[in-house]
Amino acid sequence: MTAIAAMINIILCIELVYKLTKINRLLILFATFLLPESVAIGMYPNTAIFAILFVVIALHLLLKKKFILSTLFLIIAPTFRIDVVMIYPVVMFILWWRGYSFWKSLKVTVIMALVIVTGIVIAYYLLQANPLTTTLSGYESWNNRMLLRQNLVAVYTYYTICNLILVPIGIYLLVKNKNIKLLCVMLVPIALNHIVYARMGCATKHFAYMMPFTIALSALAIQFLKNRIKARAIYKYTVIILLILYLCVSIRFKIPARPWYSRTQQVPCIINIFNEEHTKYQVLIGIGGGMLLKTFDELMLASGNLFYPVYINQYKTEQLAKRNHLYQYMKDKANVTYLGVSWENQATTAIAYINNGYSLSTDEKLFSLEKNNDKVSIILDQFRIEGNEENRYEWWNQAINHLREGNHNLYCFVLEDTSIYILDQLVKGGSVKSLTENLYFIENEHSN
């Protein structure tokens with residue numbers, strides 16, 4: 297469903313940008329694919345893409361002055377993710393750009409806002425959900441946990457080097473042409489998105505709400521550059537070569553200061569051109585997906601984004617093989633208990649059993665899987681690993697010692713680099729046993 301929603305969103309974003317800028321649709325399409333998140337957001341289950349899609353539909357309806365339908369879609373969008381409302385002030389500036397006076401735009405927006413707030417409250421009541429005690433309180437707790445580095449990685453993987461160059465050019469062109477109304481349409485949602493996620497924006501999708509506006513600014517810049525360099529062959533071919541290199545070439549290397557950030561999750565290049573293993577950096581150059589940049593929700597690439605779908609397909613194939621291996625190794629062990637140390641870890645472990653006929657029930661602290669008379673448990677939040685990679689080793693060490701005093705022997709199936717690195721260190725210390733690839737065993741002190 298997310299893949300279908302992402303494809304529809306791309307089509308509607310292109311059409312929305314065309315209505316706002318009148319730029320050639322092929323240039324807008326090119327600008328869209330220079331924004332990797334336009335494709336990446338459809339590669340895994342998430343609610344953000346549906347929220348974005350409903351807002352884009354609402355903006356199309358707004359441009360047609362279909363206020364009731366537009367308001368309805370703006371009510372539906374937050375039922376997927378409440379944070380999408382951060383960009384709703386753009387409604388006023390679209391009306392202003394559309395030809396309404398500033399004050400009439402404000403009046404219509406206020407009326408729509410009152411209806412939207414009322415509709416959202418009713419929708420959440422019917423859904424028996426309360427974002428104030430769940431989503432928003434969760435965001436507040438994340439504000440205190442995210443590092444600046446994690447935020448910067450999320451921002452960079454959203455824009456990439458291309459849009460960090462193109463977006464400022466697009467802004468400059470609107471300022472130069474004194475197109476203040478369209479400038480407000482572009483900058484208001486972008487500014488609001490960055491303000492809201494200034495502290496806790498730790499995934500590329502957190503910045504995806506401003507996707508159509510980023511694409512528009514990028515498309516304006518591309519059109520400008522195209523017109524400037526089309527008569528200058530050396531500039532034109534230089535830009536083409538640089539784009540091909542950026543989109544196709546993979547450059548990877550190890551980071552000695554962060555040994556857990558390895559190539560564990562890096563699938564092979566399609567073609568290897570250069571591979572040196574004599575230095576601590578072990579530089580690899582080839583054709584394919586580039587250096588892995590991990591955010592909290594997505595795996596993004598520093599270069600080689602043309603091969604992103606291929607990369608993700610290979611990655612998912614690898615993960616499926618590892619889940620199948622886990623189930624085959626564990627299927628004859630009855631009533632086992634796993635330790636869930638991250639959302640990825642607990643979900644991946646559960647999926648390995650669900651795909652083999654187990655039913656799942658959940659609560660805040662436990663995943664319970666059952667098939668015939670066999671029960672599998674995955675312990676959740678109580679022992680989830682929080683904090684930065686740098687302090688996780690000590691946390692793990694203390695948590696493992698505490699867990700060994702419990703009543704269960706615990707298995708731990710992990711696919712994430714940091715956890716694998718730390719658990720391998722603990723295996724050397726004897727507090728954890730390695731059973732097979734990605735599977736570890738924590739024996740309680742009372743089992744003998």
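Convert by adding 296 to the 1-based position in the sequence shown; the result is the number in the numbering used here. Where a beta carbon is used, it is the ideal one built from N, C-alpha and C, also for glycine.
In this structure, residue 352 and residue 508 form a Cβ contact; the two beta carbons are roughly 6 Å apart against a cut-off of 8 Å. Approximately 7 Å separates the beta-carbon atoms of residue 316 and residue 481; this is inside 8 Å, confirming the contact. Sequence-distant partners of residue 514 (beyond 5 residues in either direction) whose C-beta falls short of 8 Å from its own C-beta, in its chain, are 327, 330, 331, 458, 459, 462, 463, 466. Taken in chain order, the complete beta strand (DSSP E) segments of 3 or more residues contained in the segment 594-653 are 595-597, 633-635. Below 8 Å, too few C-beta pairs join the segment 598-610 and the segment 659-677 to call them touching: fewer than three. Between the C-alpha atoms of residue 647 and residue 626 there is a straight-line separation of about 14 Å.
It is roughly 48 Å from the alpha-carbon of residue 527 to the alpha-carbon of residue 372.
Under the three-state reduction of DSSP, residue 384 is assigned to coil, being neither helix nor strand.
Closest option to residue 519, judged by alpha-carbon separation, among 545, 320, 302: 320.
Per DSSP, residue 668 lies in no beta strand (DSSP E) segment and is marked neither H nor E. Below 8 Å, enough C-beta pairs join the segment 406-421 and the segment 358-372 to call them touching: three or more.
Considering only 385, 342, 576, 346, the residue with the shortest C-alpha distance to residue 304 is 346. DSSP, reduced to helix, strand and coil, places residue 658 within a strand of the structure shown. Rounded to the nearest angstrom, the gap between the Cα atoms of residue 510 and residue 587 is 24 Å. In terms of Cβ geometry, residue 666 and residue 654 form a close pair [threshold 9 Å]. The residue from 389, 377, 376, 350 with its alpha-carbon nearest to that of residue 370 is 350. Put simply, of 629, 630, 628, 659 the residue whose alpha carbon is nearest the alpha carbon of residue 642 is 659. In the three-state reduction of the DSSP assignment, residue 343 falls in the coil class. With the rule of 3 Cβ pairs closer than 8 Å, the segment 627-639 counts as touching the segment 707-722. With a threshold of 16 other beta carbon atoms within 10 Å, residue 657 falls short and is exposed. Residue 548 sits in a strand when the DSSP states are folded into three classes. For residue 329, the secondary structure class from DSSP, reduced to helix, strand or coil, is helix. With fewer than three CB-CB distances shorter than 8 Å, the segment 487-495 does not count as touching the segment 531-550.
In this structure, DSSP gives residue 571 an extended state, which the three-state scheme calls strand.
Under the 10 Å beta carbon count, residue 389 is surrounded by 16 or more other beta carbons and is classified as buried. Looking at 635, 412, 537, the one whose alpha-carbon comes closest to that of residue 380 is 412.
Taking C-beta atoms as the reference points, residue 596 and residue 344 fail to come closer than 9 Å.
Inter-residue distance for residue 695 and residue 525 is about 60 Å (C-alpha atoms, whole angstroms).
The alpha-carbon separation between residue 489 and residue 354 amounts to approximately 18 Å.
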